[in-house]
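Quick note on numbering: this note's numbering labels position 1 of the sequence shown as 389, and the sequence is numbered without any gaps. Beneath this line is the structure, given in structure tokens, with notes to follow.
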Amino acid sequence: MENYKKLYFYLVTFSPKNDELNSLNLGLFSTKKKANNKIMKSKNLPGFNEYSIADFKIKKTAVLCSENAEKKKIKYLYWLYSEIDYIDYSEWKDYGYYHLKKIALNDLKWIINHTRYGKNNKKSFIIDKIKVNLMTCWSEGFIPINDE
């Protein structure tokens, strides 16, 4: 059996008025300094500039890695999540980030075989390959839509 260790990365999100349902992932970074740089670059872009800097968050995220992984050499991570689309909304569940796709697949197998949600929603799971330290995610800002 292979041994694993946790390494920590920093997920930058933007949640206007702390609305978690409408939050955007702005990137996953190897250091808190790089995560802060992403916020500083984003805060003045169209759309983002209409909100407070308090709407940007940095979340320290544990990543399950192979025992011999070196953080500075990790260029991509794998994000395991599920998404179910309903008529009026989508439901997301975040299961975390992984150094290797095979580690994510092992956890996915466990979720499907040992949880009611996994057994009932097998086709809703997604594993995305995410580039670490990508500064160009949402780099042009956005046009806010006023639902009120």
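Glycine included, each C-beta is placed from N, C-alpha and C at the ideal position.
Straight-line CA distance for residue i to residue j?
i, j, result
"residue 473", "residue 509", "12 Å"
"residue 440", "residue 431", "8 Å"
"residue 499", "residue 483", "9 Å"
"residue 475", "residue 416", "30 Å"
"residue 485", "residue 448", "12 Å"
"residue 523", "residue 404", "20 Å"
"residue 436", "residue 429", "10 Å"
"residue 478", "residue 515", "17 Å"
"residue 457", "residue 414", "24 Å"
"residue 503", "residue 481", "13 Å"
"residue 395", "residue 490", "17 Å"
"residue 494", "residue 442", "37 Å"
"residue 453", "residue 464", "12 Å"
"residue 420", "residue 501", "36 Å"
"residue 488", "residue 407", "31 Å"
Looking only at its own chain, which residues have a Cβ that is under 7 Å from the Cβ of residue i, when we skip the five neighbours before and after it?
i, result
"residue 412", "401, 402 and 526"
"residue 391", "455"
"residue 450", "394 and 396"
Please list the terminal residues of the continuous beta strand (DSSP E) segment that includes residue i.
i, result
"residue 465", "464 to 473"
"residue 480", "478 to 486"
"residue 517", "513 to 519"
Throw me the rounded Cβ distance for the residue i and residue j pair, which I believe falls under 8 Å.
i, j, result
"residue 422", "residue 521", "6 Å"
"residue 532", "residue 438", "6 Å"
"residue 444", "residue 427", "5 Å"
"residue 466", "residue 517", "6 Å"
Residue range of the alpha helix (DSSP H) that residue i falls in?
i, result
"residue 505", "504 to 508"
Near residue i, what residues of its chain come up, given a Cβ to Cβ distance below 8 Å and the 5 sequence neighbours on each side ignored?
i, result
"residue 512", "470, 471 and 472"
"residue 355", "Nothing can be reported for residue 355: it is not among the residues displayed for the chain, which extend from 389 to 536."
"residue 410", "403 and 404"
Excluding five sequence neighbours on each side, which residues of the same chain lie with their C-beta closer than 6 Å to the C-beta of residue i?
i, result
"residue 433", "529"
Is there a C-beta anywhere in chain E that falls below 8 Å from the one on residue i?
i, result
"residue 515", "Protein chains in the displayed structure number just one, and chain E is not present."
So within the stretch 394 to 452, which uninterrupted beta strand (DSSP E) runs reach at least 3 residues, ignoring any that extend past its ends?
412 to 417
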